[in-house]
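Residues -25 to -1, 1 to 212 (mature numbering (1 follows the signal peptide of the UniProt record, and there is no 0)) make up the sequence shown, in order. The beta carbon of each residue, even a glycine, is placed where N, CA and C say it ideally should be. No experiment lies behind these values; they were computed from the predicted model shown.
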Amino acid sequence: MAALHRWIGIAAVSLAPALASLATAGEQPVVVELYTSQGCSSCPPADAYFAKELIGREDIIALALHVDYWDYIGWKDDFADPAYAKRQRNYARVAQKRSVYTPQMIIGGVAHVVGNRPSEVRRHLAAHESQGAGIDLAVTRNGNRLSIKLDADQAQDGPMTIQLVRYSPQETRDIKRGENAGRTLDYHNIVTRWETVGEWNGRRSKSFTERVNGDEPIVVIVQRKNFGPIVAAAELK
């Protein structure tokens, strides 16, 4: 695939006693969602930029969601989940876009950017970092118990969804078929779980408790309902 990007029509581990993360109203990290695929030859440059430039920054939470819609061209992406392709299509629907593609980055739940155009990614990141929603998010883990606490400087327009994400920090794959055949590729911050755990109206403080297993990092995202802007996020590594 020589094109710049690919398009498709829309159709029990015990931890230390406690770990905590606090995202205050004025210090919210920006969530960057990279939609990618092992079967897309345009994706490795975006995957590499994502790993080198975005992961590890305190002001960014970088998450890679592997989609399944390129599996038919010869290589099945074992990280892919149809739910991630559905999430990407929902973003496209809300933005009134007629197609989805890889590699794509969604920044803060609102900006749609071709993933291998670093200058555009930087521009949208800078614009998003200047925004703030006035929401405090505290996330604490004690063993297998995860506590999520939300508060706001002033009443917010709701509703908002509270989402729990887990990811694998790094994996390597030998690609044997398809457009990337013969290549050994590294992947980073690969999402393994993404689910909604509750809703919040933004008008008064609220707390959630969830059971979590394993030692994969944890991300909590607060997003305006129906794939609106991401207004708060926190990460436990």
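Can you tell me which of the three DSSP states residue 44 falls into?
-> On the sequence shown, residue 44 is found 69 positions in, with the first residue counted as 1. In the structure shown, residue 44 falls within a coil segment according to DSSP collapsed to helix, strand and coil.
Among 127, 185, 181 and 87, which has the Cα closest to the Cα of residue 171?
-> Here the question's residue 171 lines up with position 196 in the sequence shown. Out of 127, 185, 181 and 87, 185 has the C-alpha closest to the C-alpha of residue 171.
Contacts around residue 206, its chain only, beta-carbon distance under 6 Å, and the 5 residues preceding and following it disregarded = As a first step, residue 206 is located in the sequence shown; it is residue number 231 there, counting from the start. These residues qualify, in order along the chain: 108, 110 and 197.
Closest by C-alpha distance to residue 36, when choosing among 91, 20 and 7 | Within the sequence shown, numbered from 1, the residue matching residue 36 stands at position 61. Nearest of 91, 20 and 7 to residue 36, Cα basis: 7.
With 16 as the cutoff for other CB atoms within 10 Å, does residue 167 come out buried or exposed?
-> In the sequence shown, residue 167 corresponds to position 192, counting from 1. Result: exposed.
Taking the Cβ atom as the reference point for each residue, do residue 210 and residue 187 lie within a distance shorter than 8 Å?
-> Taking the first residue of the sequence shown as 1, we reach residue 210 at position 235. Taking the first residue of the sequence shown as 1, we reach residue 187 at position 212. In this structure, residue 187 does not lie closer than 8 Å to residue 210 by Cβ.
Secondary structure of residue 191, DSSP reduced to three states | For this step, residue 191 is matched to residue 216 along the sequence shown. Residue 191 falls in the coil class under three-state DSSP.
Range covered by the beta strand (DSSP E) that runs through residue 112 = Here the question's residue 112 lines up with position 137 in the sequence shown. Run containing residue 112: 110 to 117, per the beta strand (DSSP E) assignment.
Taking DSSP as the reference, what is the three-state secondary structure of residue 155?
-> On the sequence shown, residue 155 is found 180 positions in, with the first residue counted as 1. Looking at residue 155 - three-state DSSP - the assignment turns out to be coil, as it is neither helix nor strand.
In this structure, does DSSP put residue 102 in helix, strand or coil?
-> Here the question's residue 102 lines up with position 127 in the sequence shown. DSSP places residue 102 in helix when its eight states are reduced to three.
Give me the Cβ distance between residue 83 and residue 5, rounded to the nearest whole Å; I'm assuming they're in contact under 8 Å.
-> What you label residue 83 is simply residue 108 of the sequence shown in a count that begins at 1. What you label residue 5 is simply residue 30 of the sequence shown in a count that begins at 1. Residue 83 to residue 5, Cβ: 5 Å. Contact.
Beta-carbon separation of residue 78 and residue 9 under 8 Å?
-> Walking along the sequence shown from the start, residue 78 turns up at place 103. Walking along the sequence shown from the start, residue 9 turns up at place 34. In this structure, residue 9 lies closer than 8 Å to residue 78 by Cβ.
With respect to the alpha helix (DSSP H) encompassing residue 21, which residues constitute its N-terminal and C-terminal limits?
-> Position 46 of the sequence shown holds residue 21. Segment 18 to 24, the alpha helix (DSSP H) holding residue 21.
Just the Cα atoms here: how many angstroms apart are residue 99 and residue 162?
-> Your numbering for residue 99 matches position 124 in the sequence shown. Your numbering for residue 162 matches position 187 in the sequence shown. One C-alpha to the other measures close to 23 Å.
Taking all protein chains shown into account, do 16 or more other C-beta atoms lie within 10 angstroms of the C-beta of residue 164, making it buried, or fewer, making it exposed?
-> Counted from its first residue, the sequence shown places residue 164 at position 189. By the neighbour-count rule (16 or more Cβ atoms within 10 Å), residue 164 is buried.
Residue -6 by DSSP, collapsed to three states: which one?
-> Sequence index remark: in the sequence shown, residue -6 carries index 20 (1-based). DSSP, reduced to helix, strand and coil, places residue -6 within a strand of the structure shown.
So residue 42 packs on residue 59, CB below 8 Å; how close in whole Å?
-> Here residue 42 refers to the residue found at position 67 when the sequence shown is read from its first residue. Here residue 59 refers to the residue found at position 84 when the sequence shown is read from its first residue. Between residue 59 and residue 42 the Cβ distance is about 5 Å, and since that is below 8 Å, they are a contact.
For residue 18, which of 181, 126, 91 and 178 has the nearest alpha-carbon?
-> Working through the sequence shown from its first residue, we reach residue 18 at position 43. That would be 91, whose Cα lies nearest to the Cα of residue 18.
By DSSP, does residue 259 sit in helix, in strand, or in coil?
-> This structure leaves residue 259 out entirely; the chain is present only between -25 and 212.
CA nearest to the CA of residue 51, picked from 152, 66 and 34 | Position 76 of the sequence shown, counted from the start, is the residue given in the question as residue 51. Selected option, being the one with the closest Cα: 152.
Inter-residue Cα distance where the pair is residue 122 and residue 65 | Locating residue 122 in the sequence shown gives position 147, where the first residue counts as 1. Locating residue 65 in the sequence shown gives position 90, where the first residue counts as 1. Approximately 28 Å, taken between the alpha carbons.
Applying the criterion that 16 or more other CB atoms from any shown protein chain within 10 Å of the CB defines a buried residue, is residue 154 buried or exposed?
-> Numbered from its first residue, the sequence shown carries residue 154 at position 179. Buried.
With DSSP run on the structure shown, which of helix, strand or coil describes residue 60?
-> As a working mapping, residue 60 is identified with position 85 in the sequence shown. DSSP places residue 60 in helix when its eight states are reduced to three.
Opposite residue 221 in the DSSP bridges: which residues?
-> Nothing about residue 221 can be reported from this structure: the residues present for the chain run from -25 to 212 only.
Residue interval of the beta strand (DSSP E) (run including residue 149) | Looking up residue 149 in the sequence shown gives position 174. Unbroken beta strand (DSSP E) run through residue 149: 135 to 149.
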